[in-house]
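S.K.:
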Amino acid sequence: MHEWGLVETLLRRAEEKASEHGATAVRRLTVSIGELAGVEPDLFEAAWLEFRAGTLCANAALEVRSVVAEWECPDCKAIVAAGGALRCAACRKPLRLRAGGEILLERMELEVP
Ligand SMILES: [Zn+2]
2 MHEWGLVETL LRRAEEKASE HGATAVRRLT VSIGELAGVE PDLFEAAWLE
52 FRAGTLCANA ALEVRSVVAE WECPDCKAIV AAGGALRCAA CRKPLRLRAG
102 GEILLERMEL EVP
């Protein structure tokens with residue numbers, strides 16, 4: 002499942018960052034998930050609970066923020082919300098996805114001895 006791989010990557014990155022800072026545990030993780038990232042929140046949560054066991058995140062709280070998709074014109078930088086036309090109204094250029102397509106590890110609270 003897609004979510005499984007995402008959580009594994011997320012945990013790996015969290016553990017790397019935690020050990021960079023000499024942390025013994027991660028207290029809280031804040032993750033933003035774009036609405037176009039194709040993530041099912043229930044599956045994501047289930048994968049998280051399954052995979053965090055035995056890692057530095059074993060007791061970490063997970064906070065998920067959903068990010069609304071936004072598109073941008075490469076020329077005039079106009080921002081267009083999802084659901085509209087995929088071309089800029091002014092320049093007729095195809096829009097670029099600016100936010101909402103990815104998963105980001107935004108913040109971590111670490112336990113450092
Ligand atoms: Zn434009």
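Just so we're on the same page, the numbering used here is the position in the sequence shown counted from 1, plus 1. No residue lacks a Cβ here, since even glycine has one placed at the ideal position from N, Cα and C. Values in this document were obtained by computation on a predicted structure and should not be read as measured data.
1) Give the single residue among His22, Glu16, Pro42, Val27 whose Cα lies nearest to the Cα of Glu120.
2) Are the segment 76 to 94 and the segment 38 to 58 in contact at 8 Å, needing three or more beta carbon pairs?
3) If you draw a straight line from the alpha carbon of Glu16 to that of Arg93, how long is it in whole angstroms?
4) Assuming Leu87 and Ser33 are in contact, meaning their beta carbons sit under 8 Å apart, how far apart are those beta carbons, in whole angstroms?
5) Are the beta-carbon atoms of Glu110 and Arg13 separated by less than 9 Å?
6) Would you call Leu7 buried or exposed, if buried means 16 or more other Cβ atoms sit within 10 Å of its Cβ?
7) Given the structure, does Ala82 come close to ligand 1, in the sense that its CB is under 8 Å from one of the ligand's heavy atoms?
8) For Trp72, list the residues DSSP reports as bridge partners.
9) Looking at the unbroken beta strand (DSSP E) that takes in Thr117, where does it start and where does it end?
M.R.: A quick look at the data gives this:
1) The requested residue 120 is not part of the displayed model; the chain covers only 2 to 114.
2) no
3) 44 Å
4) With 8 Å as the limit, Leu87 and Ser33 do not qualify as a contact, their Cβ atoms being about 23 Å apart.
5) no
6) buried
7) no
8) Val81, Leu98
9) Residue 117 is absent from the structure shown; the chain starts at 2 and stops at 114.
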